[in-house]
Amino acid sequence: MKTNHFYSFHPIAQTFGNLVDEFVNKGLHDLAGGQIFQVNSPAINVMENDKEYIVQVAAPGLDKSAFKLAIEKNQLVISAEVKETNEESTEKYTRKEFNFKSFSRQFTLPENADVDQINASYEHGILSVKVAKFIPTQKESKVIEIL
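Right under this line is the structure:
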């Protein structure tokens, strides 16, 4: 079997990806507040319905304890810390494409987001974060008596 030796350049590719992330993402944000382009970040979906906003992060292969969710200055911050191991493998790879990297993404929350009502779950490699919307309350009309 023919061996592809490109994987030996893997550290160079990671460094290049980090440089591209830093260069491209400085000041570039989409309408949801997240970065437009990231080489080392997982794919995301951002959607909403009548009751909530939903952010889905495709991050297979991670343990749910790797994730950290926080609200900082009206932003939802989703990050994962992946500890890199530099141990030598006894396996000889003919191809190695798995690349688990630490990442951090930020999303500006709309004014009607209820930061006290946030739920998250991690199933089948998808982290799903649901942020409830404030439900406008119907105020009863009040008659004011003139004295």
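In this note's numbering, the protein residues as written are 49 to 195. The beta-carbon is built from N, C-alpha and C at its ideal position, and this holds for glycine as well.
To which residues of the same chain is residue i closer than 6 Å at the C-beta, ignoring the five residues directly before and after it?
{"i": "V125", "result": "A118, Q154"}
{"i": "P90", "result": "V105, A106, A107"}
{"i": "Y170", "result": "K112"}
{"i": "K116", "result": "S127"}
Measure from the alpha carbon of residue i to the alpha carbon of each residue in the options, then state which is nearest.
{"i": "F151", "options": "E188, K116, S127", "result": "S127"}
{"i": "F182", "options": "V191, E193, K190, D164", "result": "D164"}
{"i": "V94", "options": "V179, I192, E139", "result": "V179"}
{"i": "P158", "options": "N122, E136, K99", "result": "N122"}
Can you tell me which of the three DSSP states residue i falls into?
{"i": "I166", "result": "strand"}
{"i": "I230", "result": "Outside the shown range of the chain, which is 49 to 195, sits residue 230, and nothing can be said about it."}
{"i": "K187", "result": "coil"}
Given residue i, which residues of its chain have a CB within under 7 Å of its CB, disregarding the five upstream and five downstream residues?
{"i": "A161", "result": "Y101, V179, K181"}
{"i": "K99", "result": "A180, K181"}
Please confirm if the stretch 103-112 is in contact with the stretch 174-185, defined as three or more CB-CB distances below 8 Å between the two stretches.
Taking 8 Å as the limit for Cβ pairs, the verdict is that the stretch 174-185 does touch the stretch 103-112.
Whole beta strand (DSSP E) elements within the stretch 75-162, 3-residue minimum
Correct list: 92-96, 100-106, 115-120, 123-128, 151-156.
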